[in-house]
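What follows is a single structure, written as structure tokens, with notes after it.
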Amino acid sequence: MENMYVFYDGKIVPESEVHISIRCKGFNYGLGCFEGIRAYWDEAEGQLHVFRMREHYERLLQSCKTLYINIPYTVDQLCQATLELLRKNNFRSTVYIRPLAFKGSNQIFPTLLDEDNRIVIYCQPLGSFVGKDELRAAFTSWERLGDNMLPPRTKPTAAYLNSGLASLEVVRRGYDEALFLTRNGHVCEGPGENVFMVRNGKLITPPPSDNILEGITRDTVMVLAREELGIEVIERSITRTELYAADEVFFSGTAMEVVAVVEVDDRTVGTGHQGPVCRKLKELFFQVATSKLKKYADFCTPVY
């Protein structure tokens, strides 16, 4: 984007000054990992709130550890750099933040055992990611990557080809989003979001052992369901046809936020519209993300 600043090589610089070689291993082989972070603009307050920033950077550093990408920054340093970057860009709208750690070497061999470790952080304005309150989803024929293929608890850049193939398949069939199954036939997640269902008054979501990303928005939804709505939250394996019989289904994720799924594989879910649990959790989520619920004030970091 024109006239934007980014964090690169330890400094905040104009984005136009950052150049990465076409020979870079991160580009050629996907040897990297990333995070997606939201900062929510509150017009009345004139404040930008970064949502659960520390947790995102803690996960990024864990991903880097898993992938042998040794970047020389602490969580506190990355948080401070992000705040300075947002101020430098003078954002006055809701923003998406993308930290990306990668192997920068131009060596031809795709080894992770080299010392050219880099990180870049860039930002862009982003409102609603999907532009809809209700989605039609379908299961993809592509299997979700397992823990012994690419670690799902990290966010490796290479893994998102799997997501791209799944989205391509179902969108070309006329749906809004894909759903993955594991090799064992359990519901996993979407291409970039976790999945929940409501059945018999309980909120149910796949466990980490079913190859999901342990989402930070997912965790937020679980906390709000328990503490604010008094709903029992269960982490267990879910079969495909359980979603057909669910009272509600919805996605959660940093980009996706909280969005209802009203149809799965051409089967209507519940009433065919956003259900009351999803609606309440979405309302609560946005209150928390803009620091309106003081009980969760530590989830937000003010920028200005």
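Be aware that the sequence shown starts at 1, since it is given in the numbering used here, and climbs by one per residue.
Heads up, the beta-carbon is just placed ideally off N, CA and C, and yes, glycines get one too.
On a predicted model such as this, the values are computed, not experimentally measured, just so you know.
query	result
Opposite Val249 in the DSSP bridges: which residues?	Met197, Val261
DSSP puts Glu214 in a beta bridge; with which residues?	DSSP lists no partner for Glu214.
May I ask you to report which of helix, strand or coil DSSP gives Val171?	helix
Between which residues of its own chain and Ile234 is the CB-CB distance below 8 angstroms, once the five residues before and five after are set aside?	Lys202, Leu203, Ile204, Thr205
With distances taken from CA atoms, which of Gly270, Thr94, Glu248 is nearest Cys278?	Glu248
To which residues of the same chain is Phe7 closer than 6 angstroms at the C-beta, ignoring the five residues directly before and after it?	Ala81, Leu85, Ile121
Identify, in the order they occur along the chain, each residue of the same chain with its Cβ nearer than 6 angstroms to the Cβ of Thr301, setting aside the five sequence neighbours on each side.	Val50, Met53
If I'm right that Ala178 touches Val264 with Cβ under 8 angstroms, what's the distance once you round it to whole angstroms?	Going by Cβ atoms, the distance from Ala178 to Val264 rounds to 11 angstroms, so no, they are not a contact pair.
Could you please give me the residues that DSSP links to Gly32 through a beta bridge?	Phe102
Could you give the residue range of the alpha helix (DSSP H) that holds Thr66?	53-67
So, is Arg117 buried or exposed, given that buried needs 16 or more other C-beta atoms within 10 angstroms?	Before going further, note that residue 117 is Asn rather than Arg in the sequence given. The residue in question, Asn117, is buried, as its Cβ has 16 or more Cβ neighbours within 10 Å.
Are the beta-carbon atoms of Val18 and Glu134 separated by less than 9 angstroms?	no
Would you check if the segment 23-36 and the segment 98-107 touch, i.e. whether three or more CB-CB distances between them fall below 8 angstroms?	yes
Contact between the segment 184-204 and the segment 163-172 is defined here as three or more beta-carbon pairs at a separation below 8 angstroms; is this criterion met?	yes
Say whether the segment 36-51 touches the segment 91-101, bearing in mind that this needs 3 or more beta-carbon pairs closer than 8 angstroms, one atom from each stretch.	yes
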